[in-house]
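This report concerns only the one structure given below.
Protein chains: 4
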Amino acid sequence: MKHGFALFGAGRIGQIHARNLAAHADVALRHVIDVSADAAQRLAAATGAQVSDTRTALADPQVQAILVASSTDTHAELIQAGARAGKAVFCEKPLDLDLARADASLAVAGEAGILLALGFNRRYDPAFRRLHREIAAGRVGTVEVVSITSRDPAAPPPAYVARSGGLFRDMMIHDLDMARWLLGEEPVSVYARGSALIDPAIGTAGDIDTAVVVLETQSGRLCQITNSRRCAYGYDQRIEVFGSAGLARADNVPATTVETADAGGFTREPALPFFLERYAAAYRHELDEFLEALRGKPAQLATGADGRQALALADAAQRSLETRAPVLLSR
Amino acid sequence: MKHGFALFGAGRIGQIHARNLAAHADVALRHVIDVSADAAQRLAAATGAQVSDTRTALADPQVQAILVASSTDTHAELIQAGARAGKAVFCEKPLDLDLARADASLAVAGEAGILLALGFNRRYDPAFRRLHREIAAGRVGTVEVVSITSRDPAAPPPAYVARSGGLFRDMMIHDLDMARWLLGEEPVSVYARGSALIDPAIGTAGDIDTAVVVLETQSGRLCQITNSRRCAYGYDQRIEVFGSAGLARADNVPATTVETADAGGFTREPALPFFLERYAAAYRHELDEFLEALRGKPAQLATGADGRQALALADAAQRSLETRAPVLLSR
Amino acid sequence: MKHGFALFGAGRIGQIHARNLAAHADVALRHVIDVSADAAQRLAAATGAQVSDTRTALADPQVQAILVASSTDTHAELIQAGARAGKAVFCEKPLDLDLARADASLAVAGEAGILLALGFNRRYDPAFRRLHREIAAGRVGTVEVVSITSRDPAAPPPAYVARSGGLFRDMMIHDLDMARWLLGEEPVSVYARGSALIDPAIGTAGDIDTAVVVLETQSGRLCQITNSRRCAYGYDQRIEVFGSAGLARADNVPATTVETADAGGFTREPALPFFLERYAAAYRHELDEFLEALRGKPAQLATGADGRQALALADAAQRSLETRAPVLLSR
Amino acid sequence: MKHGFALFGAGRIGQIHARNLAAHADVALRHVIDVSADAAQRLAAATGAQVSDTRTALADPQVQAILVASSTDTHAELIQAGARAGKAVFCEKPLDLDLARADASLAVAGEAGILLALGFNRRYDPAFRRLHREIAAGRVGTVEVVSITSRDPAAPPPAYVARSGGLFRDMMIHDLDMARWLLGEEPVSVYARGSALIDPAIGTAGDIDTAVVVLETQSGRLCQITNSRRCAYGYDQRIEVFGSAGLARADNVPATTVETADAGGFTREPALPFFLERYAAAYRHELDEFLEALRGKPAQLATGADGRQALALADAAQRSLETRAPVLLSR
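Residue numbers (our numbering), protein chains in the order written: chain A, 14 to 344; chain B, 14 to 344; chain C, 14 to 344; chain D, 14 to 344.
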C-alpha cells in the first residue's frame with residue numbers, strides 16, 4: 014500500500030523532497046501546495062501530483078502525511094492544521110523561530126497523537142549515522158568531548174539573513190541537534206562568541222557570520238562547535254567524538270577519491286559543494302525512516318521535541334552572544 | 014520522447030539495468046526476456062515491462078535499443094539479431110569469449126550501421142572518469158606508466174570458473190580496457206604471469222586466481238596490472254597514472270568517511286564490498302551516455318571495437334601465461 | 014667559537030637539553046646543576062660537563078648562557094640570578110606559576126638587557142613552523158578561527174597535579190601560546206569550561222582533566238582549544254587555522270607511514286606516544302634558534318614576554334572556570 | 014669499548030657515513046681514504062679522523078671494520094683487501110657491477126670468515142622495517158603479491174648513466190633486494206620492459222629511464238616493480254604487500270603533516286626530496302645493526318650474499334630487456 018502525501022513548499026528544499034517522494038515505491042505524492050502558483054504547477058507536473066490548496070490537501074482522506082517545506086513562518090500553522098486533520102507531519106527545520114510558537118505546535122501535535130518528525134538532515138547522513146552507531150556501540154568508551162565543524166560555502170544575501178532568525182537559529186541549529194544526539198546528555202550551559210568577519214552587511218543586519226559555541230552537560234561532558242558562513246574548500250561538515258577509549262570522527266566527503274601529485278604536493282578534491290550534494294542520501298533516508306515510523310516500526314527520527322530543544326539551545330546561544338555570558342538552561 | 018528498450022537477461026546484472034531503465038525518465042522498458050520464465054516474470058512485474066521472447070521484442074517498432082545482459086554465450090547471437098532488426102545494442106562485457114565470433118558481431122553491427130556499446134562499467138565510474146579527464150587535461154603531462162590494481166572480494170565457485178573463459182577474459186578484461194583507455198596508445202606486447210594461490214580447485218580447473226600483467230605500447234609507455242580473486246578488505250579497485258608532470262590516481266571508495274582511533278591506530282572503513290556497490294553510479298551513467306549517443310549527441314562510450322580489443326589483449330595474456338613468453342600484438 | 018652553557022636541572026627535560034647541547038657543534042656544555050647530586054653526576058659524566066653549583070656556574074666567564082630546566086619554583090630565581098650575571102637565559106616553560114613573580118623576572122631581565130627565551134617547544138616543531146609560515150604567507154587569507162586539540166596520553170599522578178598549577182598553567186599554557194602565535198592578535202576575552210572525567214583524584218585535588226576554552230581577539234577572531242589528560246591513540250597534537258581563503262592544518266605524526274588493511278578496514282599507526290618523541294626535532298631547533306639569537310641574528314624565539322602572556326591567559330582561564338564567566342583581559 | 018673504523022670514500026655517501034660514524038658513541042672513526050686528497054682532508058678534519066691510504070688503514074690493529082663508500086669499481090678490491098686483513102666490511106651497494114667479481118669477493122670474505130654487510134639502505138628504513146615485521150607477524154597471511162614503486166626525483170647526467178651499469182644494476186637493485194626480502198622466497202623468473210621516455214641521451218647511452226619488472230617465485234608468488242628516473246612530487250618510495258589475510262603498505266614520507274585547503278582541494282606536502290632525506294634514519298640504523306653484528310649479537314643485516322643475489326636479479330632483468338623474453342634463474 015502506498016502512503017499518500019501532500020507537499021507544502023515548491024522551493025529548493027521542496028523540490029528535493031518532491032523528487033524523493035515521487036521516486037519512492039511506497040509513496041503517492043498527491044498534492045503540491047505553494048504560494049507561487051507557477052512553482053507549484055511545475056513541481057506537480059514533474060511528479061504527477063496535483064496543485065492544491067491547504068484545505069483541499071488536508072481534507073483528502075488518502076493523504077496520510079504532510080511534508081512541510083514551505084517558508085519557516087508557515088511551519089507552525091501547517092503543523093497544527095495537519096495535526097488537527099490527523100495527518101502525520103514531517104517538517105523541515107526549524108520548527109519555528111519562536112520557542113512559544115514551537116511549543117504550541119508540539120502541544121497540538123501531542124493532543125492529536127500524530128507523528129511529528131523534524132528534518133534535521135544530518136541525522137540521516139550515512140557518515141553521521143555510522144558515527145552515532147560507533148558511539149552507541151561503545152567504540153569511544155564514555156563520551157567526553159564532541160567537536161563539530163560546520164561551514165557553509167558562501168554567505169547568504171543580507172535579505173535572507175534578515176529573515177533567518179540569525180546564525181544560531183538558522184545554521185547552527187543543525188549542529189546543536191547533532192551535539193545533543195552525540196553527547197547523549199542534555200546541555201545545561203551554553204556559551205557563544207561570534208563575529209561578522211565575512212560580510213559587513215551581515216553585521217549591520219545585527220547578525221554574525223563566524224561563531225564558536227561551548228556546551229556543557231550535567232556530568233561535565235563538553236562540546237565545541239564552530240560555524241562559518243563562508244568556506245573556500247566546499248561545505249565543511251565534520252564531527253569528532255572523543256571518549257575514554259578513543260576517537261571516532263566523520264570527515265568531509267569529496268566528489269571522488271581522485272588525487273593528483275606534482276611538485277606542489279598531493280591534492281585531493283575539495284568537499285562536496287553544499288547540502289544538496291552532501292546530504293542527497295540523507296534526504297532519501299529521512300523519508301525511509303519516516304515511512305518506517307508511519308508503519309509503526311522502530312525508526313531513527315528527529316522528533317518535534319528534538320526540534321524544540323535545538324531551538325532552545327539556539328536561543329540560549331543568541332542570548333549568550335548578546336550578554337557576553339554563559340546561559341544556564343532550565344530543564 | 015521516451016526510448017523503448019528490451020532487456021535480455023534477468024539475472025544479477027540484468028536486475029541492475031532493469032532498475033535503472035525503469036527509473037529513467039527518458040526510457041520505456043517494454044520487454045524482459047530470460048531463459049527462466051520466473052526470473053523474467055518477476056523483473057517484468059517489478060518494472061512494468063512485459064515478458065517477451067526475442068522475436069517479439071525485436072519486432073516491436075517501439076523498441077529502439079536492446080540491452081544484452083544475458084549469459085556470455087548468447088551475446089553474439091543477440092547483438093547480430095538486434096543489429097539486423099536495426100536496434101541499437103548495449104551489450105554487457107564481454108562481447109564474446111571467442112575473438113572470431115566477436116569480430117563477426119562487429120561486422121554485422123557495422124553493416125547494419127547501428128550503435129553498439131559495451132558495458133565496461135569502470136569507464137563510467139565517477140572516479141575513473143575524473144582520472145581520465147585529468148589525464149586528458151594534461152595534469153600528469155605525457156603518460157608513462159599506468160598501474161592498475163583490481164581484486165575481487167572472494168573467488169567464484171569452480172563451476173563459474175570453468176565457464177568463465179579464465180581470469181584474463183572474465184576479470185582482467187576490465188583492466189585491459191582501462192589500460193587502453195588511460196595509456197592513450199594501443200599495447201604492442203603483453204606478458205602475463207599467474208598462479209592459483211587461493212583455491213586449488215581453480216588451478217585444477219586450469220585457471221589462475223592471482224595474476225600480474227605487463228603491457229607495452231609502441232612509444233614505450235608501460236602498464237602493470239595485478240589481479241586477485243580474493244581480497245580481505247573489500248573490492249580493491251585502484252588506478253595510478255604516472256607521467257612527465259606527476260601522478261593522478263583513484264583510490265578505493267569506502268562506505269563512509271568515518272574513522273576511529275584507539276591504541277591500535279586510526280582505522281578507516283574497508284573498500285565497498287563489490288561491483289554492485291562500487292559501480293552503482295557507473296551503471297546509471299553508462300545508461301545516460303548510451304541515451305546521449307542514441308540522440309546523436311557526443312557521448313563517452315566503450316564501443317564494440319573496444320570490447321574486441323580488450324578481448325584480444327586477454328587472449329594474448331592467456332597465451333603469454335601458457336607459453337611463458339611475451340606475446341606481440343599485430344595491429 | 015663555541016658558546017658556553019650551564020644547564021640547571023638533570024631530570025627528564027634537562028636530559029633532553031643536555032643531549033642536544035652536548036651534540037651541538039657550536040656549544041660547550043660546561044656545568045650541570047641539580048638538587049640531586051646523583052642525577053647531576055650522571056648527566057655531567059654523559060656529556061663531559063662538570064657538576065657545579067649555581068654560584069660557580071654563573072661566575073664562569075666562559076658561560077654565555079644558562080638553560081633552566083629545573084623545577085618550576087626555581088625558574089624566577091635562576092632567571093634573575095642569570096640576568097644579573099649577564100648571562101642569556103633559555104628557560105623551560107612556564108616562566109612561573111605566579112604572574113607577579115613572572116613579571117619580576119621580566120623586569121630584571123629587561124634591566125640587565127639580556128636575551129630571555131622561553132621553551133615553548135611547539136613553536137619549534139617542524140609541522141607547526143610550517144603552519145605558521147603558511148599563515149604568514151597568506152595561504153589562508155585573513156585568519157578567522159584557530160582550533161587547537163591537545164591531549165596527553167595519560168593523566169599524571171595526583172601528586173604532580175597538586176604542584177602543577179592546574180591544567181591551564183601546566184598543560185594548556187602551550188596551546189594558549191600557540192593561539193597567540195597563530196591568531197596574530199592578542200586575545201581580549203577568555204572563557205573556560207572543564208571537568209574531571211578521567212580520574213576523580215584530579216577533581217579531589219581541585220583540578221580538571223578535560224577542558225574547552227574559547228578566546229576572542231579585538232577584531233573578532235576566535236580560537237577554540239580542547240585538552241584532555243588522557244588519550245587512547247597517542248599524544249594528540251593538532252592545529253587547524255581557518256581563514257578567508259581556506260584552511261591550513263597540522264595533523265598528528267605517526268611513527269611510520271605503514272598502513273595495514275583487512276576486513277576491519279585500513280589502519281594507520283597511532284600518534285607518536287608523547288612529547289619526547291613528537292617534539293624531539295623541536296628541542297633541537299629551539300637550541301638552534303637560541304644560538305642564532307646569541308649571535309645577534311634574526312631568530313624565531315618565544316620570549317619571556319610570550320611566557321608572561323601565556324601565563325596571563327592561563328590565569329584568566331582558571332578564573333573563568335571558577336567564576337563560570339568569561340574573563341576580559343586588560344591590555 | 015669503541016669500534017675502530019676506516020672509511021673509504023669521501024663523496025656524498027661517504028659524508029653521510031662519516032657523520033654517523035663520528036656521532037656514534039661506540040665508534041672511533043680513525044681513517045678516511047679518498048682519491049681526492051682535498052675531499053679526504055675536509056672530511057677527516059670535520060670528524061677528527063686522519064687522512065690515510067689503504068695500506069695504512071688496513072694495517073692499523075685498532076681498525077676493526079672498514080666502511081666502503083668509494084666508487085663501485087673499487088668495491089671488490091677493498092672488500093677483498095679488508096677481508097684478508099681480517100677486518101669486518103660494510104660495503105655500499107652494489108657489491109660490483111660484475112657477478113663474477115662479486116662472487117670472488119664473497120669467496121674471499123668467506124675464507125677469511127669476516128662479517129660482510131651490504132648497505133641496502135631501505136632494509137633499515139623505519140617504515141620498511143615495520144612493514145617487514147608486520148609480514149613476519151602474519152599480518153597479511155601468506156604473501157601473494159609484492160608491488161614496489163621507486164622513482165628518483167630527477168635523471169642523473171648521461172655521464173653517470175654511462176658508468177652506472179644501467180638502471181637495473183644501479184637503481185632497481187634496491188627494489189630487487191626489497192622484493193627478495195618481502196617475498197620470503199627466491200625469484201625463479203624475471204621479466205623486464207623499459208623505455209627511455211625522459212631523456213633521449215639516456216637511450217643513446219644504451220640505457221632506459223622507465224621500467225617495469227615482474228618476478229615470480231617457485232610457489233607462484235608474484236612481484237611487480239616500477240622505476241622511473243624522474244618524479245615531479247619528490248622521491249617516490251612505496252611498497253605494498255598483499256596476502257591471503259590482507260594488505261600492508263608503506264607510503265611516502267612528507268616533510269611535515271601540514272595540509273592546506275582551498276577551492277582547488279586539500280593539499281599535502283610532496284614526498285621527501287631524495288634518499289639523503291628519506292633514508293637519513295636508515296643510514297643511522299644500518300650502522301647500529303652492523304655494530305650489533307660486530308659484537309656477535311643478532312642483527313638484521315643485508316649480507317654480501319644478499320648483494321650478490323640482487324645483482325644476479327639485475328643482470329637477469331637486463332638480459333630480459335635485451336632479449337624481450339623472461340629469464341629463468343638457476344638456483
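Positions of the beta carbon are idealized from the N, C-alpha and C atoms, including for glycine.
**Report entry** Cα-Cα separation, Met185(D) to Ala329(D)
**Finding:** The residue you call residue 185(D) lines up with position 172 of the fourth sequence. The residue you call residue 329(D) lines up with position 316 of the fourth sequence. If you take the alpha carbons of Met185(D) and Ala329(D), they lie about 12 angstroms apart.
Requested in this report: Please work out which residues of its chain come closer than 6 angstroms, Cβ to Cβ, to Ala306(C), disregarding the five sequence neighbours upstream and downstream, and give them in chain order.
Outcome: Counted from its first residue, the third sequence places residue 306(C) at position 293. For Ala306(C), where only same-chain residues beyond five positions count, the Cβ hits under 6 angstroms are Leu128, Ala312, Leu314.
Requested in this report: Return the residues of the stretch 299-330 of chain A that lie within a Cβ-Cβ distance of less than 7 angstroms from chain D, sorted by chain order.
Outcome: none
Query - Interface positions of the stretch 244-270 of chain A facing chain D (Cβ-Cβ less than 7 angstroms), listed along the chain - result: Ala245, Tyr246
Query - Arg199(A) (DSSP reduced to helix, strand or coil) - result: Counting from one through the first sequence, the residue named residue 199(A) turns up at place 186. Looking at the sequence itself, residue 199(A) is Glu, so the reference to Arg does not match. Of the three classes helix, strand and coil, the one that applies to Glu199(A) here is coil, per DSSP.
Query raised in the report: How should Thr217(D) be labelled, buried or exposed, when 16 other C-beta atoms within 10 angstroms of its C-beta is the threshold for buried?
Result: In the fourth sequence, the residue the question calls residue 217(D) occupies position 204. Flag for Thr217(D) reads exposed.
Query raised in the report: Taking Cβ positions only, does Leu144(C) come closer than 8 angstroms to chain D?
Result: If you number the third sequence from 1, residue 144(C) lands on position 131. Yes, Leu144(C) counts as interfacial toward chain D.
Query raised in the report: Are at least three pairs of beta-carbons, each pair with one atom in the stretch 201-214 of chain D and one in the stretch 114-133 of chain D, less than 8 angstroms apart?
Result: no
Report task. Report the option in Leu42(B), Leu341(B), Ser84(B), Asp301(B) whose CA atom is closest to the CA atom of Arg25(B). Result -> The sequence position of residue 25(B) within the second sequence is 12, counting from 1. Comparing Cα positions, the closest option is Ser84(B).
Query - Spatial distance of Leu189(D) from Asp138(D) (CA atoms) - result: Taking the fourth sequence and counting its residues from 1, one reaches residue 189(D) at position 176. Taking the fourth sequence and counting its residues from 1, one reaches residue 138(D) at position 125. Rounded to whole angstroms, Leu189(D) to Asp138(D) spans 16 angstroms at the Cα level.
Query raised in the report: Quick one, are the C-beta atoms of Pro283(B) and Gly278(C) less than 8 angstroms apart?
Result: Translated into positions along the second sequence, residue 283(B) becomes position 270. Translated into positions along the third sequence, residue 278(C) becomes position 265. Yes, the Cβ-Cβ distance between Pro283(B) and Gly278(C) is below 8 angstroms.
**Report entry** C-beta atoms of Ala276(A) and Tyr248(D) nearer than 8 angstroms
**Finding:** The residue labelled residue 276(A) in the question sits at position 263 within the first sequence. The residue labelled residue 248(D) in the question sits at position 235 within the fourth sequence. No. Outside cutoff.
Query raised in the report: Thinking just about the alpha-carbon of each residue, which of Gly178(A), Pro213(A), Val254(A), Tyr296(A) is nearest to the one in Trp194(A)?
Result: Along the first sequence, read from residue 1 onward, the residue named residue 194(A) stands at position 181. Nearest C-alpha to Trp194(A): Val254(A).
Report task. Compare the C-alpha of Asp319(D) against each of Glu105(D), His44(D), Thr155(D), Leu80(D) and name the closest. Result -> Counting from one through the fourth sequence, the residue named residue 319(D) turns up at place 306. Residue Glu105(D) is the option with its Cα nearest to Asp319(D).
**Report entry** Interface partners of Arg152(D) on chain C, CB under 7 angstroms
**Finding:** Taking the fourth sequence and counting its residues from 1, the one referred to as residue 152(D) is at position 139. What Arg152(D) touches in chain C: Thr273.
Query - Gln250(B), enclosing beta strand (DSSP E) - first and last residue - result: Stepping through the second sequence from its first residue, residue 250(B) is reached at position 237. From DSSP, the beta strand (DSSP E) with Gln250(B) extends over 249-256.
Query raised in the report: Cβ of Val225(C) within 8 angstroms of Cβ of Leu119(A)?
Result: One-based indexing of the third sequence puts residue 225(C) at position 212. One-based indexing of the first sequence puts residue 119(A) at position 106. For Val225(C) and Leu119(A), no; Cβs fall outside 8 angstroms.
**Report entry** Ala263(B) and Val266(A) closer than 8 angstroms at C-beta
**Finding:** Numbered from its first residue, the second sequence carries residue 263(B) at position 250. Numbered from its first residue, the first sequence carries residue 266(A) at position 253. No, they are not a contact pair.
Query raised in the report: Ala338(C) versus chain A: which residues are under 8 angstroms apart at the beta carbon?
Result: Indexing the third sequence from 1 puts residue 338(C) at position 325. Going along chain A in sequence order, the residues near Ala338(C) (Cβ under 8 angstroms) are Ala338, Pro339.
**Report entry** is_contact[Thr223(C), chain B] using C-beta, thresh 8 angstroms
**Finding:** Translated into positions along the third sequence, residue 223(C) becomes position 210. So, not an interface residue.
Query raised in the report: To which residues does DSSP link Gln237(B) through a beta bridge?
Result: Position 224 of the second sequence, counted from the start, is the residue given in the question as residue 237(B). Paired residue(s): Ser160(B), Val227(B).
Query raised in the report: Per DSSP, what kind of secondary structure is Arg262(B) in: helix, strand or coil?
Result: Taking the first residue of the second sequence as position 1, residue 262(B) is located at position 249. Three-state result, Arg262(B): strand.
Requested in this report: Counting only the same chain and skipping the five closest in sequence on each side, list residues whose C-beta sits under 6 angstroms from that of Ala41(A).
Outcome: Along the first sequence, read from residue 1 onward, the residue named residue 41(A) stands at position 28. Excluding residues within five positions, the ones whose Cβ falls inside 6 angstroms are Lys15, Gly17.
Query raised in the report: Excluding sequence positions up to five away, which residues of its chain have a Cβ less than 6 angstroms from the Cβ of Arg206(D)?
Result: Counting from 1 along the fourth sequence, the entry for residue 206(D) is found at position 193. Result list for Arg206(D): Val225, in chain order.
Query raised in the report: How close, in whole Å, do the beta carbons of Leu56(B) and Lys100(B) come, if the pair is a contact with beta carbons under 8 angstroms?
Result: For this step, residue 56(B) is matched to residue 43 along the second sequence. For this step, residue 100(B) is matched to residue 87 along the second sequence. Actually they are not in contact, since the Cβ atoms of Leu56(B) and Lys100(B) sit about 19 angstroms apart, beyond 8 angstroms.
Query raised in the report: In the DSSP assignment, what are the bridge partners of Arg206(D)?
Result: For the purposes of this step, residue 206(D) is taken as the residue at position 193 of the fourth sequence. Note: Arg206(D) sits in a beta bridge opposite Val225(D).
Query raised in the report: Is the beta carbon of Tyr292(B) less than 8 angstroms from the beta carbon of Asn33(B)?
Result: Translated into positions along the second sequence, residue 292(B) becomes position 279. Translated into positions along the second sequence, residue 33(B) becomes position 20. It is not a contact, given that the beta carbons lie outside the stated cut-off.
Query - Under 9 angstroms by beta carbon: chain A residues contacting Ala276(D) - result: Mapped onto the fourth sequence, residue 276(D) falls at position 263. Chain A residues near Ala276(D): Ala245, Tyr246, Gly247, Pro283.
Query raised in the report: Within the present structure, is the beta-carbon of Phe288(C) separated from the nearest heavy atom of the ligand FAD by less than 7 angstroms?
Result: In terms of ligand content, the structure shown is empty, and the ligand FAD therefore cannot be addressed.
Query raised in the report: If Ile161(D) and Ile252(D) are in contact, beta carbons under 8 angstroms, what's the gap, nearest whole angstrom?
Result: For this step, residue 161(D) is matched to residue 148 along the fourth sequence. For this step, residue 252(D) is matched to residue 239 along the fourth sequence. Contact holds; Cβ gap of about 5 angstroms.
Query raised in the report: So, does the CB of Ala36(A) fall closer than 8 angstroms to a CB anywhere in chain B?
Result: Working through the first sequence from its first residue, we reach residue 36(A) at position 23. True, the Cβ-Cβ gap to chain B drops below 8 angstroms.
Requested in this report: Kindly indicate if chain E contains any beta-carbon less than 8 angstroms away from that of Glu147(C).
Outcome: In the structure shown, chain E does not exist; the protein chains are A, B, C and D.
Query raised in the report: When the Cα of Thr239(C) is compared with those of Val45(C), Phe181(C), Arg281(C), Gly95(C), which residue comes out closest?
Result: Against the third sequence, residue 239(C) aligns to sequence position 226. Of Val45(C), Phe181(C), Arg281(C), Gly95(C), the residue nearest in Cα terms is Phe181(C).
Requested in this report: Using alpha carbons as the reference points, say which of Ser65(B), Gly132(B), Ala19(B) lies closest to Gln77(B).
Outcome: Counting from one through the second sequence, the residue named residue 77(B) turns up at place 64. Comparing Cα positions, the closest option is Ala19(B).
Requested in this report: Using only alpha-carbon positions, find the residue among Ile148(C), Ala149(C), Arg152(C), Leu108(C) that is nearest to Leu131(C).
Outcome: Within the third sequence, numbered from 1, the residue matching residue 131(C) stands at position 118. Closest by alpha carbon: Leu108(C).
Query raised in the report: Closest Cβ-Cβ distance between Phe181(B) and chain C: below 8 angstroms?
Result: Translated into the one-based positions of the second sequence, residue 181(B) becomes position 168. No, Phe181(B) does not count as interfacial toward chain C.
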